[in-house]
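Participant: This is the structure I want to talk about, given as structure tokens.
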Amino acid sequence: MVTKKSLRNFSVLILILIAISIINSCGSENKIDPGKIAEYNKPAVVYIETYWKGKVSFPEVQINQDALTRYARQIYSSRRMTEEQLIMELINEILNRPELYVVPNLNVIKEKEVMSGASGSGWVVTPDGYVVTNAHVVKVDDDELKQMIIMQAFQEQINEDIQITIGDLQQMGLTLSEEQRQKLANVYASFYARYMTLLTKPVIQTFVNLGAAIPGYGNVQKGYPAEIKKSGEPAPGKDVAILKINANNLPTVSVSNDKVKIQDRVIAMGYPGVATFNPMLTQDQSNIVPTTTAGTISAFKKMGTGAWEVYQHDVAITHGNSGGPLFDEKGEVIGINTFGSGKYNSQTGSWEEVQGFNFAIPSTIVMEFLNELNVKPAQGKLTEMYKEAIDLYFDNHFEAAKDKFKEIYDASSSFPYVQEMKEKCVAEINAGRNVAMFPYTIVIAGAAIVLIGLLLALVVLPKMKRQSAVVLPSGGSVQVKVEEEVKKISDKVESSAVKFCPNCGNKLQSGVKFCPSCGTKVA
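The opening position of the sequence shown corresponds to residue 1 in full-length UniProt numbering, with each subsequent residue numbered one higher.
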């Protein structure tokens, strides 16, 4: 029969094994499904737009009529030609020798305001609006910016003038060849390069756009104006910028402190232009969502003077991914995607990207910038709730997930993607795919209470009766060795177990080798 002592020993054994199991599980890495990582962090991965605008001035283009008239008389007197032939001859003369005929009309000075911009990615690190991105996404050198403004105006004005010239000629029944059009563009380019000047200091504005994902209304909320709180220098410098927007209850990402190793799996999120604004796609805001790509860490490479490193990885990224986060398998940011690789094509004269060799600045560098601002990355309550809701959704608990998303929406109706996820939950529920929640926590808590009760009833209380006190030697220490305790308990359980003869079933005394009833040898 099973004695109280053996049951007590067995209970202790079970409790020890449970403790070992819990310790082992706590020490294991908490890797997350890549799909969950994308859904967890999608709200906090933001689309960043930087606009710059300025005003330029330039004189009106004018043809030197005296010089052109002299040439017209010269050729008309030497050979017969129609009016159309004469006009084409004059056009070719202007295109071939513009320096003689194309002059500025200084009595008519035009002004033109131009605006251009660039886009990139970023990630929110605090619920009150601190955002991380690359410096080159939001910062442009003054001289470079002036040149960019002039070039933008330059190109716009050339296109306008070419269209006007071609239209005037078409009304006369004349058409320019492709070669003539190219020469005409060169004439205007040469003129504006010489006479166009910047009239006002360029103005730069940066906006941070968070996804809203409201069905029927697109994915992007009105952009928040951003202030550049701290900025490094574009690569090869520490290409990091910290922005601040005026908002609260924002979604956030978590920043990793873990050591990164070669061949670690990583995930990039951001807004690559070729995917976000692909002309084959529907051109509306519903397609402005983060793109997720995955790969591995390939190497660690030195930057600048060699004082710091960047992560080389093979995750597919391109223009527009700049400033976006690089996540580890726990869904925490380990770096900021910054630049890729390329080569010069001698045939086309252009710089071409080479995929598979991209680089991210480590999050440790990002933390240097945040620490100088006394900003500590933090996860808000709504972000925690959002992750819980995503977990429920992935486990097909759509009813519970819907309630959790509604709770978030009630707290902050502008929290990104909540409304979309609510709609998805409703669709799954209506399709009959909801799985009811099982009260795992109640069951686990009940089991724990039962085990604790057994421990108290069978082990602790009897010992308390037998021992009034335990005195430790002075300066001594107690060290529990789990393996030895388990072995001792197992031996006790085995030695106290009741044995029976395998032949006649007679009850045997402990330690006997032969059955006293039938003589059968006992193992």
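Glycine included, every Cβ here is placed at the ideal spot set by N, Cα and C. A quick note: this is a predicted structure, and the numbers were derived from the prediction, not measured.
For P98, which three-state DSSP category applies?
Facilitator: Locating residue 98 in the sequence shown gives position 98, where the first residue counts as 1. Helix.
Participant: Measure the C-alpha to C-alpha separation of G27 and V255 and round it to an integer number of angstroms.
Facilitator: Position 27 of the sequence shown, counted from the start, is the residue given in the question as residue 27. Position 255 of the sequence shown, counted from the start, is the residue given in the question as residue 255. Because G27 carries a pLDDT of 43, less than 50, the predicted location of this residue cannot be relied on, and the following value inherits that uncertainty. Going from the Cα of G27 to the Cα of V255 covers about 20 Å.
Participant: Does DSSP classify H136 as helix, strand or coil?
Facilitator: Reading the sequence shown from its first residue, position 136 is the one you call residue 136. The answer is helix: DSSP assigns H136 an H, G or I state.
Participant: Can you list, in chain order, the residues of its chain with a C-beta nearer than 6 Å to that of Y271? Leave out the 5 residues immediately preceding and following it.
Facilitator: On the sequence shown, position 271 is the one that residue 271 refers to. Within the same chain, Y271 has close Cβ partners Y47, S121, G320.
Participant: Is the region 88 to 102 in contact with the region 53 to 73, if contact means three or more CB pairs nearer than 8 Å?
Facilitator: With a cut-off of 8 Å, the region 53 to 73 and the region 88 to 102 count as touching, because enough Cβ pairs lie within range.
Participant: Can you tell me whether DSSP reads I63 as helix, strand or coil?
Facilitator: Counting from one through the sequence shown, the residue named residue 63 turns up at place 63. The answer is strand: DSSP assigns I63 an E or B state.
Participant: Quick one: what does DSSP say C515 is sitting in, helix, strand or coil?
Facilitator: Taking the first residue of the sequence shown as 1, we reach residue 515 at position 515. It is coil, neither helix nor strand.
Participant: Counting only runs that start and end within the region 258 to 333, where is the alpha helix (DSSP H) found for 4 or more residues in a row?
Facilitator: Listed in chain order, they are 273 to 276.
Participant: Which two residues bound the contiguous alpha helix (DSSP H) that contains F191?
Facilitator: As a first step, residue 191 is located in the sequence shown; it is residue number 191 there, counting from the start. F191 -> alpha helix (DSSP H) spans 178 to 195.
Participant: Run through DSSP, which three-state label would N374 get?
Facilitator: Here residue 374 is taken as the residue at index 374 of the sequence shown, counted from 1. In this structure, N374 counts as coil in the three-state DSSP scheme.
Participant: How many whole angstroms separate the CB atoms of V56 and I149, which I take to be in contact at a CB cut-off of 8 Å?
Facilitator: If you number the sequence shown from 1, residue 56 lands on position 56. If you number the sequence shown from 1, residue 149 lands on position 149. Yes, they are in contact, since the Cβ atoms of V56 and I149 sit about 7 Å apart, within 8 Å.
Participant: Straight-line CA distance for A241 to K230?
Facilitator: For the purposes of this step, residue 241 is taken as residue 241 along the sequence shown, with counting starting at 1. For the purposes of this step, residue 230 is taken as residue 230 along the sequence shown, with counting starting at 1. C-alpha separation (whole angstroms): 6 Å.
Participant: What ranges does the alpha helix (DSSP H) occupy inside the region 68 to 134, keeping only unbroken runs of at least 4 residues that lie completely in it?
Facilitator: Whole alpha helix (DSSP H) segments, 4+ residues: 83 to 96, 98 to 101.
Participant: If distances are taken between C-alpha atoms only, which option among K112, A378, M385, P290 comes closest to Y192?
Facilitator: As a working note, residue 192 is residue 192 in the sequence shown. For Y192, the nearest C-alpha among the options comes from K112.
Participant: Assess, as a yes-or-no matter, whether the region 152 to 169 is touched by the region 276 to 283 under the definition of 3 or more beta carbon pairs within less than 8 Å.
Facilitator: No, they do not touch.
Participant: When burial is assigned at 16 or more other CB atoms within 10 Å of the CB, is R433 buried or exposed?
Facilitator: Counting from one through the sequence shown, the residue named residue 433 turns up at place 433. Flag for R433 reads exposed.
Participant: Just verifying my parser: in three-state terms, what is the DSSP assignment at K347?
Facilitator: Sequence index remark: in the sequence shown, residue 347 carries index 347 (1-based). Just to set this straight, residue 347 is Gln in the shown sequence, not Lys. Here Q347 sits in coil by DSSP.
Participant: Confirm, please, whether the CB-CB distance from N30 to D128 is below 8 Å.
Facilitator: Here residue 128 refers to the residue found at position 128 when the sequence shown is read from its first residue. Here residue 30 refers to the residue found at position 30 when the sequence shown is read from its first residue. It is not a contact, given that the beta carbons lie outside the stated cut-off.
Participant: Between which two residues does the alpha helix (DSSP H) harbouring P34 extend?
Facilitator: Against the sequence shown, residue 34 aligns to sequence position 34. Element bounds for P34: 34 to 41.
Participant: If we ignore side chains and look at the alpha-carbon of each, how far apart do Q355 and H313 end up?
Facilitator: The sequence position of residue 355 within the sequence shown is 355, counting from 1. The sequence position of residue 313 within the sequence shown is 313, counting from 1. Approximately 10 Å, taken between the alpha carbons.
Participant: Should D239 be labelled buried (16 or more other beta-carbon atoms within 10 Å of its own) or exposed?
Facilitator: In the sequence shown, the residue the question calls residue 239 occupies position 239. Burial call: buried.
Participant: Note down the Cα distance separating M151 from D168, rounded to an integer number of angstroms.
Facilitator: What you label residue 151 is simply residue 151 of the sequence shown in a count that begins at 1. What you label residue 168 is simply residue 168 of the sequence shown in a count that begins at 1. Looking at the two C-alpha atoms, the distance is approximately 26 Å.
Participant: In the DSSP assignment, the alpha helix (DSSP H) including F415 goes from what residue to what residue?
Facilitator: The residue you call residue 415 lines up with position 415 of the sequence shown. Per DSSP, F415 belongs to no alpha helix (DSSP H) and is neither H nor E.
Participant: Rounded to whole angstroms, what is the Cα-Cα separation between I336 and G173?
Facilitator: Taking the first residue of the sequence shown as position 1, residue 336 is located at position 336. Taking the first residue of the sequence shown as position 1, residue 173 is located at position 173. Whole-angstrom Cα-Cα distance: 58 Å.
Participant: Can you list, in chain order, the residues of its chain whose CB lies under 8 Å from that of V187, leaving out five sequence neighbours each side?
Facilitator: Residue mapping note: residue 187 aligns to position 187 of the sequence shown, counting from 1. I94, L95, P98, V102, listed in sequence order.
Participant: How close, in whole Å, do the beta carbons of T126 and V375 come, if the pair is a contact with beta carbons under 8 Å?
Facilitator: Locating residue 126 in the sequence shown gives position 126, counting from the first residue. Locating residue 375 in the sequence shown gives position 375, counting from the first residue. Indeed they touch by this definition, with Cβ atoms about 6 Å apart.
Participant: Determine the burial state of M437: buried for a count of at least 16 other Cβ atoms within 10 Å of its Cβ, exposed for fewer.
Facilitator: What you label residue 437 is simply residue 437 of the sequence shown in a count that begins at 1. That one is exposed.
Participant: Check N358 in the structure and name its three-state DSSP category.
Facilitator: For this step, residue 358 is matched to residue 358 along the sequence shown. Correct three-state label for N358: strand.
Participant: Let me confirm a value: E384 is counted as buried when at least 16 other C-beta atoms fall within 10 Å, else exposed. Which label applies?
Facilitator: Working through the sequence shown from its first residue, we reach residue 384 at position 384. Exposed, because fewer than 16 other Cβ atoms sit within 10 Å of the Cβ of E384.
Participant: Measuring only the C-alpha atoms, how far is F398 from A268?
Facilitator: On the sequence shown, residue 398 is found 398 positions in, with the first residue counted as 1. On the sequence shown, residue 268 is found 268 positions in, with the first residue counted as 1. In a straight line, the C-alpha of F398 is about 28 Å away from that of A268.
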